Structures are given as structure tokens and as C-alpha cells.
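S.K.: Residue numbers (UniProt numbering), protein chains in the order written: chain A, 1 to 295; chain B, 1 to 295; chain C, 1 to 295; chain D, 1 to 295.
Next up is a structure, given as C-alpha cells.
There are 4 protein chains.
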Amino acid sequence: MEEIGFLGMGIMGKAMAMNLLRHGFKVSVWNRTLSKGFCDELKEHGASVGESPAAVIKKCKYTIGMLSDPAAALSVVFDKDGILEEICSGKGYIDMSTVDAETSSKISEAVKKKGGSFLEAPVSGSKKPAEDGQLVILSAGDKGLYDAILPAFDVLGKKSFFLGEVGNGAKMKLVVNMIMGSMMNAFSEGLVLADKSGLSPNTLLDVLDLGAIANPMFKMKGPSMIQNSYSPAFPLKHQQKDMRLALALGDENAVSMPVAAAANEAFKKARSTGLGDLDFSAVYEIFKGTEPSSA
Amino acid sequence: MEEIGFLGMGIMGKAMAMNLLRHGFKVSVWNRTLSKGFCDELKEHGASVGESPAAVIKKCKYTIGMLSDPAAALSVVFDKDGILEEICSGKGYIDMSTVDAETSSKISEAVKKKGGSFLEAPVSGSKKPAEDGQLVILSAGDKGLYDAILPAFDVLGKKSFFLGEVGNGAKMKLVVNMIMGSMMNAFSEGLVLADKSGLSPNTLLDVLDLGAIANPMFKMKGPSMIQNSYSPAFPLKHQQKDMRLALALGDENAVSMPVAAAANEAFKKARSTGLGDLDFSAVYEIFKGTEPSSA
Amino acid sequence: MEEIGFLGMGIMGKAMAMNLLRHGFKVSVWNRTLSKGFCDELKEHGASVGESPAAVIKKCKYTIGMLSDPAAALSVVFDKDGILEEICSGKGYIDMSTVDAETSSKISEAVKKKGGSFLEAPVSGSKKPAEDGQLVILSAGDKGLYDAILPAFDVLGKKSFFLGEVGNGAKMKLVVNMIMGSMMNAFSEGLVLADKSGLSPNTLLDVLDLGAIANPMFKMKGPSMIQNSYSPAFPLKHQQKDMRLALALGDENAVSMPVAAAANEAFKKARSTGLGDLDFSAVYEIFKGTEPSSA
Amino acid sequence: MEEIGFLGMGIMGKAMAMNLLRHGFKVSVWNRTLSKGFCDELKEHGASVGESPAAVIKKCKYTIGMLSDPAAALSVVFDKDGILEEICSGKGYIDMSTVDAETSSKISEAVKKKGGSFLEAPVSGSKKPAEDGQLVILSAGDKGLYDAILPAFDVLGKKSFFLGEVGNGAKMKLVVNMIMGSMMNAFSEGLVLADKSGLSPNTLLDVLDLGAIANPMFKMKGPSMIQNSYSPAFPLKHQQKDMRLALALGDENAVSMPVAAAANEAFKKARSTGLGDLDFSAVYEIFKGTEPSSA
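Right, dumping it as C-alpha cells:
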């Protein structure tokens, strides 16, 4: 395959680019800030380093972006020396950042107006799955571009989906995160109920792990929650933002979601007590009362 | 092992008794109503059929009960020809029904007053795990009786816990079922949101199954839910009853559980529209509107 | 009218008995504990003081009870020297205490078994309306007894209802208190939202008072809530108990009430932080976060 | 006073314009679509009919807008032949639509950039108060414009507030409507609970009207709700929109509002079953089950 461009060398982007390099892809990378050491490391692994998003696009037929947020995702496209300056017919841009559907649509329209093709492809999974090539890729947009980039997706993820029109990748991610947020609340309520009712929360974890609702999240988060440890793998304020966006999507489509709404209010309660920057499992804290029990 | 009594031949009870028979236990069963065909089927498998709870208790050293609700659980103990008439020192009664702690305590006291020993042992898992001997057994009460009945538990379940004083088994079960009920609602909301937002619910199932919240319940129930098929493995009205009891337990201990409360109201809504006898996954139905979408 | 018995000289009972005396009724009172001064005050107003509930019943054709809770309401009936010892055909007992339907039924059955007639008649309104004869009386049970006691009700309340069979008075009260509890939550959320959004809560009170949802409760409670003053006119834990009982009534009848359920969880949250003995308007406290605002 | 412009002849706008006409104001009206009959009716009452928002602004020193939603409110300002084409120093635009703060700010900035003055002035009250000149007006923005338009406000409303900077009128309105929406849900739940519990909903109305939570909305809406009559004074979809916007305001300020969130989901449920265009009291419908009762 031809050289692939890669914009954004954060925790996720770097892990993904390294994976491509290890699997024999030629990769041309760019990051807003690149330390000497970082550049050397990438070069050692065979990457070339581009001077700007535009330069990478010019050099490569296909370029992947993995930026930290909507603002950064828009910046590499629309700013000076950005993607739009060089994107053209025959070239494709694949944005794997997690952004809202509106941001995605904006980028898609701009790229297509220049004749380029566009694919949004947010991922499910964080640092570890990125390093292990075990991401789940939720792509939508140009089907031809999807087919062309599939060999790279096969290296980056354990599974990729093509979901239709631009926006559907973002929407699918919201639906999944909404379910996850409600589950985290259900789990937290259960842990507190066990504890206040004289049951061991640790035994609850054991029981849960044997039953029909056993899942990696309970297994991974439960023990640290019981120890009130909330090192932020996925910050609570981001989880709450996703709940809000999912509820807004439901509102557009007249879908009543009372459980997600209750979970969202619990996350907001957590934000209101200063837990927004901790892991989303910190919502557990708000279910603990300050009194042992009262009648 | 000696012959074991088994009271209650509902979906669960029958599957469990059959399992004991298949593993070589002698079993004496009783049910409030036993059709001719049903009796014949049980007898074919080697069961003997008792005339009343009292008759079964009289015949067997250890008797298991698996009744549908607290009223039925109390009835087999306290009514005419009930357990109390024959329970005595040297005999044990193991109630595996899902009942509230109060019911369990009432039974425990009455049995112990007659000199018998008592173990509550509600299970996690429904029809399929019951058939496959893959239940999780949450027992509490008389430790000696627990040790004595363990060979039977090893056949009925993949794991059994001894949780201390009577009431703790019931409580643990309620906590697990409460989390499960909230999750089923979160899942249902997500499926409807996907559908109404132009995403394929089937693809959502695939995506969920690859991520951090993948769990057997989503995997097993999802495909049939999408086909609006709700053959009752665990009837919705029983799930709602468990939510109610878990919320009551929270009330006693001043634990606020807004997500479980919202889920409970959704199950009640489902009951109010006649879905109470279907599988608890039928709560999915109430999230579907009757209009395609409106602004 | 003949002399009326009156059991229970708490805040409410005393105000009501005084009202009867002021309007020319002969009243024979009893209280569990009666200080010398209190007796003298009652006697000055023309009351006679009975030695026991039984003594009062013996003396009077109609006796009203106004006890503090279900336990006290049961005690004056079933304990030694209680109502049951003297109630008989031709005598009526009117229980105006706020009790659950089950307690009411128990008393009703016992009184009727002795040949007496029974009316439950819980009231809406607290100290001030009791003093002013402005209670709302929700009676149910024996229609003949209702007609007979009406002259007294006309003095005690501004309006009385006859609602049919015993239990309906208690149920009506629960429905009203449930709506009230949800409204108090809606009001509290609005006050906090105004405050955090840079609006004056006091202006919100003014605006509310001019609109379609203006009501005495907002007008009376609002100013003290803004000053974080929660002197208990109606203790939060009693309001929460009524929410719980109303939700249980809904559960029996398969009525889904998500807003009441959310309000109930908020009251439980308030209990869990030690606010149970304050006025029910103290639920306001739990909506205030501890952080000024966060994104 | 000089001729006043009036943009938007919906239920509210028409009633308000008619009021101004009846009180001797000259009014120049405009609506996106005006049937012949409607035009004739307005002209009969003395109104002149403008061809576009721009034409009305050009003719009048002060112009009031009363549009159905943010999109319509923006459209009359920014679209071709919109307000911006003619607004200038010495002219004022008063937007009485219920919109979010962002929309209000956008309009304010655009109007002020052209030299015009701006006042947002959403109202509390629907069709009947609009007809009777009994609205409550929540204005914010240019204090001079407020003083100038006060004579018209005195005709349209029973009371007007000046709340400071642009956005505060919208916010106050949202807070009030949020409380109202939650109350309507609490009321609906209570009516259904009464009915299913064997109590008369009509008696509940009587009891409520005598107590601490008596309010004009219960009194006005109750009887028609019981008769399943939902002639749209305030369409449900607009009430739900206001709930959504109030919740979004809470989200910005980290205010958790579980009761409002539950009420919002109930309104969404109502939208999903096709009730969006009926009166907001039609949310009552969704609490009725389709089954008489089930256990």
C-alpha cells in the first residue's frame, strides 16, 4: 500500500501510527508540536515527518487524523497549511477523532467541495487497545475510501464497521456510551445498596462476574471503585457530555429515555460536587450518603 | 444422597428438579397444580410425586422450595398440609425462591421453632442456566444445612455462596436483579435510539459485543428483542417485583437510587400495557413510540 | 348534639377539641399524658376529662381520635382500657389520624366486629387550619356515622368529603401528598436553577406568584427556603414515607409514575444526608452543588 | 403612542395584537402565511398588514415579535426581507417569543450592530391570559426600550419585570416553564393514580383546590383532562422544548434536576405517541395504561 499520512501524535495517534509502521506501512506523520526525541523515535521506526497537515496531504493519497477534540479536528482542516489547501480529487481524509456529528459534517462538506473523499471513523477503545491493534472502528462516509483504507483498519482494530452516511459513526459511538453511562450508574447504585444493606461489595463483584450481566467494565472498574480510586481513563465530564448528546439525539427523534436521563442527572450531580475531572466511575461517590442510615 | 424434596414445579423448579434427577438424585416433587401429562413426564424421569408440602417434608431429610413469589413461598410453609406440619429436628428446608428478606425471616423463624434447620438460597440465572446447572446460588442461614446440601447445589449451579445470616441471600439477589433491570432498560433505550436515529440495531449489537460492556444478557436477549420476541425466561412482572423490593431495601437504608427508580417505573409502564407475563426484555416495547418521529 | 369524645390532645387534637368547645359542643377528652395545667385549661373551656379511651367511649355516642401515628392509633383501640372494651352497637368511632390503609382497615374490622360503626377521616391541613376550623376532611367508611358527625366536621373543617369504603380516605391523602412532594421538588430545582443561572430566586417567587402555577405552598415555603430555614411543619421523612406509600399504591395498580419516583429518590437522598427531621422543603438543599459551576 | 409593529400571528401573537388594537394602539402586523380570512379579520379590527418583517420595521418605531420557536425567531431577523434590513438607530425590536438565551443574544447583537435597540420579553401565560391581557412579561436588555414600550406591556400583561442583561428574560421563562412542566406531570400521575385506585378524579380536583397546592393550572386544566380534551393552549411539543432548554441551562451550570428530567422524558414519550400538537396537559394520556390493572 502507498504511504499513509497520519495527523495527531497524541497517546492514541502515536500508538496507532506505530502499529501501522510495525505492520509494514509507510507512514508520514505530523503533530502540532514534535519534540526532537519524539521525531527521532518515529524516524527510527521508519516514519517520515511532514511539516504541516497540507504537506502530509500533498504527499499521501490517504491521510488519517486522530485529534484530541472537535476544535483540534477542525483546526487541521480549516487553518493555514491545513488539509483543505491540498486535498483534491483522488485523495482521501479519514478522521478517527471522536467528534460530534456537526463537526464531522462540516469537515466532510469542506473536503468534498475540494473534490476529496471523506470518512469519519471514531473508535471504541482507549490506549491499550490502540497499542494492541484491538480498536473497534465505527466508520461512515465514502464507501470507496472505506474499502481503500481497510488494510490499515485491519491493523489498527479488531473489527471495523461501515455505517453509512457521515454522522452515523459519531451517533453509534454516542449510543454505546449512553448505555455505558447508564450501566455505570446502575452498578454504582448496586454497590452502595449492597454496602448499606450489610453485604460485602467485593462479594457482589464476585456474584456479578458469574452471571448474565458480567462484563469487562464491572470487572475492571469495580475493585478500584470500592477503594474510592478514580484515576481518569475516561473523565466523568466527557461521559456526561456524551449522555447529553445522546439525549439530544433522542430528543430530535422523539425517543423517551428515562433511565439515561436519570443517569445524566446523576453525572451532573457529580459534576456539581467537583468530580468532573475524575474517572466517570466516580459517579459512585454521589450515591453514598453522609449518614449511616435513617428512618 | 438421600431423596430430596422439591416444592414448586414452575419453569425454574422443573428445570432444577430435572437436573437433580439426571445427576442421579432421587427427588420427590410437589406442585400446587400438576397436570396429568406433567406428572407422567416427571415420573418417567424417576421422580416421585408428593401429595402436599407436608408429605414431601415427611418423606425427605432435605427439601428445596422454588416458588413463584412471597405469597406462594409463605403458603407452602404456613397453610394446611404445609411444611410446618412435618418439619422437625433433623430435617432441613432450603428455600430457593426469590423473596424479600422479611418473608425469608418469617419462614426461617417458623421452621427453627419447630426444630428444623433453614437455608435461604435464591439463585441468579433463569431458565437456561437452570437447565444447564449453571445457576449462581446465594445462600444464607444455617451453615450446617448449607454444607449438607452442597452436593445438590453443585449440580444446580456453577457456584454457590454462603452469605451469613438469613436475609442476606435475598438481599444479594435483589441487588443483582436491580442492576440487571436497570441494564435491560439502558439496553432497550439504546436499541430504540439506534433504530430511530437511522442506525441498525443489529450493528449496535455487534459493536456492543466487542466493547467494555459486552455481556451475556445483551448477547442472548438482543437478537430476539429486535425481532419482538419475548418468550418468558424471566417474566417482566417478576423483574419489576424485584426492582420494587430492591428499592424498598434502599428506602430502609436511605439509599437514593434514581436510575433503578426510573427503570422500575418503566417496568410498571410495561405492566400497565399488558406486558407483565412476557420476558422482562419486553420493556423494550415501551420505548418504541407509535409515531416515526416528530419535531 | 350529644357529648363528643375526643382522644389525643396533641397539637392538632387540642386545636380541634377547642374549636368544638367554642362552638358549643360538649366534649369529653382523653390524652395519654395530661399535665395538670393542660387539664385545667381544657376544663375552663368546658371539657370533661376521661380516664381512658374506654371510659370516653362508654360516656359518648360518638368519639373522635386524633393520634400521632399508626402505632398510637392502634394502641387506643386494642390496648387495655381501649376503645374495643366499650364500643358497641349504637356507638361510633371516627379516626381522624393520618394512617395507612392497612391500619385503618384493622381498626375498622375490630370496631365493626363489636357492633360499633367506624369512619376514617384523615385531614388535609396542619396546626393553623386546625385552629381556624379550616381543615379538609377526607372521610370514608360508615355513611350513617358520617351524616351523624357532620355537624362536628362543619366546625372542624371548611369542607368534608365522603369517599366510600374504608381506606379511600387514606388513599386520597396519599395522592394529594404525592403531588405535593413532586411539586416541592420541581420548585426546589427551579430555585436552584434560577440562582445558578444568575437570576434572583426572590424574583422567581414574584414571577411564580403571578402565574398559572401560583399556589399557597410556594408562597409560604419559598421565602424561608431561600433563607435555608426549614422549621418542620411537615417533616421530610414523613413526606418521603407518603411518597413511598403512594408509589406502592401505584405499584399495586400498575400505574407508572416516573416523576413521583424521581421525587421520592430526591427525598431519600435528603434523608441520607441527615435532613429527615427538617421540613420537607429541605429537599431544596440537595440540589445545591458544592461547586459554583463546572464544564 | 405611535404605530406598533407585530410579527407573528400565531395563537399568542394574534391574541396580543388584538388586545393592542382593542386598547387603541395602531398595529401593523405580519405573518409568514396569512389566509385571506385572517387578514380580513385583522383589518376589520383596524390593523394594517405588512408585506415583510423589513416592511413592518421600516414603518414602525417599535416592533414586537412573537414567533413559535428559535428558528422562526431567527428567520424574521436574519432572512431576506428580515428585520436587519431596516432596523437602525431610533428603532427598537422587542422579541416576546420564548427562545433560548443563545438565540436571544444572537438577535440582540445583530440588532445593536445596526444601531437598533433590543429587548427580549418572553411571557408567562398562554392563550387565555394573552386574550385577557393578563400575561406576565419577563423582559431584559435595553432599559430605555423597556421604558418606551411599557404602555403596550401594560395592555398585554398584568405585570412586567425588567431582569437585566439580555438572556435573563429567556432564562426566567424557562425556569418557570420547567416548574410548570414538572407540575403538570405530577398532577397527571396523581389523577391516574386516583382513578386506578378507585377514587374519583373529580373529587381529587375538589380536594386539591382546597389545599396548600391549589393553583389556577390544576383548576383550569383538570376538568378538561378528565374528559380527555386537550385543545392546545400551549402545545405539548413547545412545553417539551422548554423543558429541554431548561435542562440544557442546568447542564451548563452543573445543576442536577432529576424531576425535571423525568418530566421531560414523559413529554418526549407523549411526542413519540403523536401528542405533540395537543395541549401539554395531554401528557396525562401516557400515564394511563391500556390494561385495567395487573399483578
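Glycine included, every Cβ here is placed at the ideal spot set by N, Cα and C.
Since this is a predicted model, take the numbers as computed values, not measurements.
1. At least one CB of chain B closer than 7 Å to the CB of GLY250 (chain A): is that the case?
2. Does the Cβ-Cβ distance between GLU189 (chain A) and ALA260 (chain B) come in under 7 Å?
3. Give the secondary structure of TYR230 (chain A) by DSSP, where H, G and I count as helix, E and B as strand, and everything else as coil.
4. Is DSSP giving ILE149 (chain C) helix, strand or coil here?
5. Tell me the rounded alpha-carbon separation between ASN168 (chain C) and SER224 (chain C).
6. Find the residues of chain D that neighbour PRO216 (chain C), judging by a C-beta separation of less than 9 Å, and give them in chain order.
7. Tell whether a beta-carbon distance below 7 Å holds between ALA186 (chain B) and LEU163 (chain B).
8. Is there a Cβ of chain B sitting closer than 7 Å to that of PRO258 (chain C), yes or no?
9. Note the first and the last residue of the continuous beta strand (DSSP E) segment covering GLY5 (chain A).
10. Out of D:MET257, D:ARG271 and D:THR273, state which residue places its alpha-carbon closest to the alpha-carbon of ALA266 (chain A).
11. Go ahead and pull the three-state DSSP assignment for VAL29 (chain A).
12. Skipping 5 residues on each side, what residues in its chain have a beta carbon closer than 7 Å to that of MET18 (chain A)?
13. How many angstroms separate the CA atom of ALA295 (chain B) from the CA atom of HIS238 (chain D)?
14. Between which two residues does the beta strand (DSSP E) holding ILE213 (chain C) run?
15. Please give me, in chain order, every unbroken run of the beta strand (DSSP E) with length at least 3 that falls completely inside the stretch 108 to 159 of chain C.
16. Would you mind reading off the limits of the alpha helix (DSSP H) that contains GLY65 (chain C)?
17. For the beta strand (DSSP E) holding GLY92 (chain B), just list the boundary residues, first then last.
18. Residue range of the alpha helix (DSSP H) that ASN185 (chain A) falls in?
19. For ASP242 (chain A), which three-state DSSP category applies?
20. Just to confirm, is the Cβ distance from LEU135 (chain D) to GLY65 (chain D) under 7 Å?
21. Based on DSSP bridge pairs, tell me the residues matched to ASP279 (chain C).
22. Using 7 Å as the limit for Cβ to Cβ distance, is GLY115 (chain B) near chain D?
23. First and last residue of the alpha helix (DSSP H) that includes LEU42 (chain D)?
24. Give the C-beta separation of PRO122 (chain D) and LEU138 (chain D) to the nearest angstrom, bearing in mind that I take them to be a contact with Cβ-Cβ under 8 Å.
25. Please state the DSSP three-state secondary structure of ILE11 (chain C).
26. Between the stretch 85 to 103 of chain B and chain A, which residues of the former have CB atoms less than 8 Å from a CB of the latter, in chain order?
27. Rounded to whole angstroms, what's the CA-CA distance from residue 296 (chain B) to ALA194 (chain A)? Just pull it up for me.
28. Using the rule of at least 16 other Cβ atoms within 10 Å of the residue's Cβ for burial, across every protein chain shown, is SER28 (chain C) buried or exposed?
29. For LEU245 (chain A), which residues in the same chain have their Cβ closer than 8 Å to its Cβ, ignoring the five residues on either side in sequence?
30. Evaluate LYS268 (chain B) with the Cβ neighbour count: other Cβ atoms within 10 Å of its Cβ, from every protein chain shown; 16 or more gives buried, anything less gives exposed.
31. Quick one: residues in its chain with C-beta nearer than 7 Å to the C-beta of LYS219 (chain A), no 5 flanking neighbours on either side, listed in chain order?
32. Quick one: grab the DSSP three-state call for SER68 (chain D).
33. Relative to the alpha-carbon of SER231 (chain A), which residue among A:PRO70, A:ASP95, A:SER281 and A:CYS60 has its alpha-carbon at the smallest distance?
34. Given this structure, state the Cα-to-Cα distance separating VAL283 (chain B) from VAL49 (chain C), to the nearest angstrom.
35. Quick one, which of D:LEU145, D:ILE11, D:LYS106 and D:PHE78 has its alpha-carbon nearest LYS61 (chain D)'s?
36. Taking Cβ to Cβ, would you say MET12 (chain C) is nearer than 7 Å to ALA170 (chain C)?
M.R.: Per the coordinate set shown:
1. So, interface residue.
2. Yes, the pair counts as a contact, with Cβ atoms nearer than the cut-off.
3. TYR230 (chain A) falls in the coil class under three-state DSSP.
4. If DSSP states are grouped into helix, strand and coil, ILE149 (chain C) belongs with the helices.
5. A direct Cα-to-Cα measurement between ASN168 (chain C) and SER224 (chain C) gives close to 34 Å.
6. Those within 9 Å of PRO216 (chain C) in chain D are GLY211, ALA212, ILE213, ALA214 and ASN215.
7. Contact flag unset, no.
8. Yes, because at least one Cβ of chain B sits closer than 7 Å to the Cβ of PRO258 (chain C).
9. 4 to 7 is the span of the beta strand (DSSP E), which, as asked, contains GLY5 (chain A).
10. It is D:MET257.
11. The three-state secondary structure of VAL29 (chain A), taken from DSSP, is strand.
12. Apart from the 5 residues on each side of it in sequence, MET18 (chain A) sits with its Cβ closer than 7 Å to the Cβ of HIS45 in its chain, given in chain order.
13. Because the pLDDT of ALA295 (chain B) is 37, which lies under 50, any placement of that residue in the model is unreliable, and the number read from its coordinates should be weighed accordingly. Within the model, the alpha-carbon separation for ALA295 (chain B) versus HIS238 (chain D) is close to 9 Å.
14. Counting along the chain, ILE213 (chain C) falls outside any beta strand (DSSP E), and DSSP gives it neither H nor E.
15. Fully enclosed beta strand (DSSP E) runs of 3 or longer: 117 to 120 and 135 to 141.
16. For GLY65 (chain C), there is no enclosing alpha helix (DSSP H); the enclosing beta strand (DSSP E) has its first and last residue at 62 to 65.
17. Note, GLY92 (chain B): beta strand (DSSP E), 92 to 95.
18. Where ASN185 (chain A) is concerned, the enclosing alpha helix (DSSP H) stretches over 168 to 196.
19. Of the three classes helix, strand and coil, the one that applies to ASP242 (chain A) here is helix, per DSSP.
20. No. Outside cutoff.
21. For ASP279 (chain C), DSSP records a beta bridge to C:PRO235.
22. With 7 Å as the cut-off, GLY115 (chain B) does not count as an interface residue toward chain D.
23. LEU42 (chain D) -> alpha helix (DSSP H) spans 36 to 44.
24. With a Cβ gap of about 5 Å, PRO122 (chain D) and LEU138 (chain D) count as contacting.
25. In the structure shown, ILE11 (chain C) falls within a helical segment according to DSSP collapsed to helix, strand and coil.
26. Along the stretch 85 to 103 of chain B, there is no position whose C-beta sits under 8 Å from a C-beta of chain A.
27. With chain B covering only 1 through 295, there is no way to say anything about residue 296 (chain B).
28. Buried.
29. The residues are ASP100 and LEU174.
30. With 16 or more Cβ atoms within 10 Å of its Cβ, LYS268 (chain B) is classed as buried.
31. Cβ within range, chain order: ASP209.
32. Coil, per DSSP.
33. Of the listed residues, the one whose Cα sits closest to SER231 (chain A) is A:SER281.
34. Their backbone Cα atoms lie some 60 Å apart in a straight line.
35. Of the candidates D:LEU145, D:ILE11, D:LYS106 and D:PHE78, the residue whose Cα lies closest to the Cα of LYS61 (chain D) is D:LEU145.
36. In terms of Cβ geometry, MET12 (chain C) and ALA170 (chain C) do not form a close pair [threshold 7 Å].
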